[in-house]
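Below: the structure, in structure tokens.
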Amino acid sequence: MLELDELVMDFGGFRAVNGCSFRVEEGSVTGLIGPNGAGKTTLFNLIAGALQPTSGRIRFLGEDVTTLASHQLFHKGLVRTFQIPHEFHKLTALENLMMVPPSQPGESLFSNWFSWSKVKSAETEVERKAYETLEFLELSHVAHQRAGNLSGGQKKLLELGRTMMTDARLVLLDEPAAGVNRTLLRKLETKIEILNKERGYTFILIEHDMEMIEKLCDPVVCMAEGRVLIEGDFQTVRSNPQVLEAYLGETTGDAA
Amino acid sequence: MELLGLVNYALFMAIFICIYALLALGLNIQWGFAGLFNAGIAGFFAVGAYTSAILTTAMDPDRIGGFDLHFIVGWIGAMLAAALVAWPIGKICLRFRSDYLAIASIGIAEIIRLVIKSEPALTNGARGIASIPRPAGDIGYMESQIAYLAIVLVVLIAAYILVERQFNAPWGRMMRAIRDNEGAAKAMGKDVEFRRLEAFIFGAALMGLGGALFAHFNRSITPEAIDPMVATFLVWIMLILGGSGNNRGAILGAAVVWIIWSVSEIATDRLPHEYAVQAKYIRLFLIGLMLQLVLRFRPEGLLPEPLRGDLRSTKPGADR
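Residue numbers (the UniProt record's numbering), protein chains in the order written: chain V, 1 to 256; chain A, 1 to 320.
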């Protein structure tokens, strides 16, 4: 579904991603791990079109999407969340979800003036879906709060909720568990599993919480210094001496 | 100063408030909803004023036109011209982040002003364009003022309704989302560059209309009228004081600020002659002072941005 081929990203003289290649199969939940500064988030920014790679190719659904911008990739079914929640802080939680569906008739200045009834019926449908999503995420009680006033964990859930408002094929989750308490975390895992199994979303997950990786991800890709160190199932990756070294800086000790 | 004088003064003031309210609404689209720091309102105001003047005045061999068209044609032309001017400007400048956009737009407004001032064939240079026909201008003085106020009021109400509808529609939601977080809006599939340009042009068209209404009210337009102090910064204070992101706030702000501004002129005129001239410049200080006070004590404005979407039903306590 997604193929990365020798991706390189330079920031000035600093090479954040250095010849990174791997494939993601449709229907899988791929875990992306690695020490801080391994280039995981940069890689996400490249895949999502927020950054243009210095060299290398990205293919999504059999099509070369290397040069597409993030809003164009969204329309192809590639949706992402952010490591630090990027909520629309002055919009309500409900509006945060309602703004997501693509090509709403009410997004055109002219249809708002000349075909209001069409806009309104589309709006009712979007609203229903948004309420459903809030219900699913157990956020209904904050539907009319400004998103900026929500707690960190609620913002994380809202980020996940946005991916559910469109027909996503591939969802990139950047540290969905960071800063989320244990109870909520288990809930989040369940939601991701449901989305994967029932809605057929393919996920790539950056995460430092190894419990979550172990539970959800197969395969797991470990990055270090801007390239793929090893990929395979969780146990293989976990017991690999190179991974231990990358995480701990030495060859002894227990990763994670 | 008898009753008639007072009534006349009130009418005069009301017409100006309506015109400024249009400018503030235009700025609210750009700043309040799209987060675009346009400090070149005077430029679009001027384009609108001159376009309508050229379209509606009688033939003048010294400059282009006039075309002697109906004032409605002139006003629509003013909006189109302002929008057309805004298009390339937006195309280039909207890549800048907010403060750089402010600098660029100030510069562009000054360029427009200087071109108008020094260009005889199009705008008649520093002398400006006179004898612009005023709709309902050939009846008695007082009746004509009342009629013009009615026309301006109708235009303002129509603009308010049209803008308000956009803001409550998905278009407004999308613009506010782009303003709040550009990166996330892009990641959610919104074409940020195009949408910003749309808001910029939409706002500029209203500013152009404001300029046209001003020119027809004064029956003349000169480069002095497009002073950035009164045509740009006063509008900014109106919007910030009234409450950016709130259309009613924009209109309220226009009223409050214009009343303070206009009454302060009466006050300075009462001073002995030797101070009266100097005191005029104190009024400029007043603009800065007002801005400082508002930003310090009520940064969200008199009427803050309302919660929108499906929330007319929720209680105000829900918002913090």
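Idealized CB from N, CA, C, for every residue including glycine. Only a predicted model underlies this, so the values are computations on that prediction, with no experimental measurement involved.
Query, Result
"Cβ of V/LEU139 within 9 Å of any chain A Cβ", "no"
"Cα-Cα separation, A/ASP310 to A/MET290", "Unreliable placement is indicated for A/ASP310, whose pLDDT of 46 sits below 50; no coordinate value is reported for it."
"Under the three-state DSSP convention, the category A/MET188 falls into", "coil"
"Under the three-state DSSP convention, the category V/ILE194 falls into", "helix"
"Amino acids of chain A, ordered along the chain, whose beta-carbon sits closer than 7 Å to that of V/LYS90", "ARG176, ASP180, GLU305"
"Closer than 9 Å to chain V by CB, A/LEU206", "no"
"Where the beta strand (DSSP E) through A/ARG63 begins and ends", "No beta strand (DSSP E) contains A/ARG63, which DSSP labels as neither H nor E."
"Cβ neighbours of A/VAL263 in the same chain (closer than 8 Å, five flanking residues each side left out)", "none"
"Residue from V/VAL221, V/LYS155, V/MET164 with nearest C-alpha to V/GLU132", "V/MET164"
"Test: A/ALA187 CB closer than 9 Å to a CB of chain V", "yes"
"In DSSP terms, what V/GLY232 is bridged to", "V/VAL220"
"Short Cβ contact (9 Å threshold) for A/ALA102 with A/ALA199", "no"
"V/PHE44, DSSP secondary structure in three states", "helix"
"Segment limits, beta strand (DSSP E) that includes A/ILE259", "Element bounds for A/ILE259: not the beta strand (DSSP E) but the alpha helix (DSSP H), 247-270."
"Identified DSSP bridge partners for V/CYS20", "V/LEU7"
"Cβ-based neighbour list, A/GLY137, same chain, cut-off 6 Å, excluding 5 preceding and 5 following", "SER144"
"For A/VAL230: DSSP bridge partner residues", "None; A/VAL230 has no bridge partner."
"Where V/GLY106 meets chain A, residues with beta-carbon distance less than 7 Å", "ALA169, PRO170, TRP171"
"Interface flag, V/THR54 vs chain A, CB-CB below 9 Å", "no"
"9 Å Cβ cutoff, A/ARG134 in contact with chain V", "no"
"Span of the alpha helix (DSSP H), counted from its first residue to its last, around V/THR163", "152-163"
"Neighbour flag for V/ALA48 against chain A, beta carbons, 9 Å", "yes"
"Alpha-carbon to alpha-carbon, A/PHE214 and A/PHE45", "9 Å"
"C-alpha distance - A/HIS273 paired with A/LYS280, whole-angstrom precision", "11 Å"
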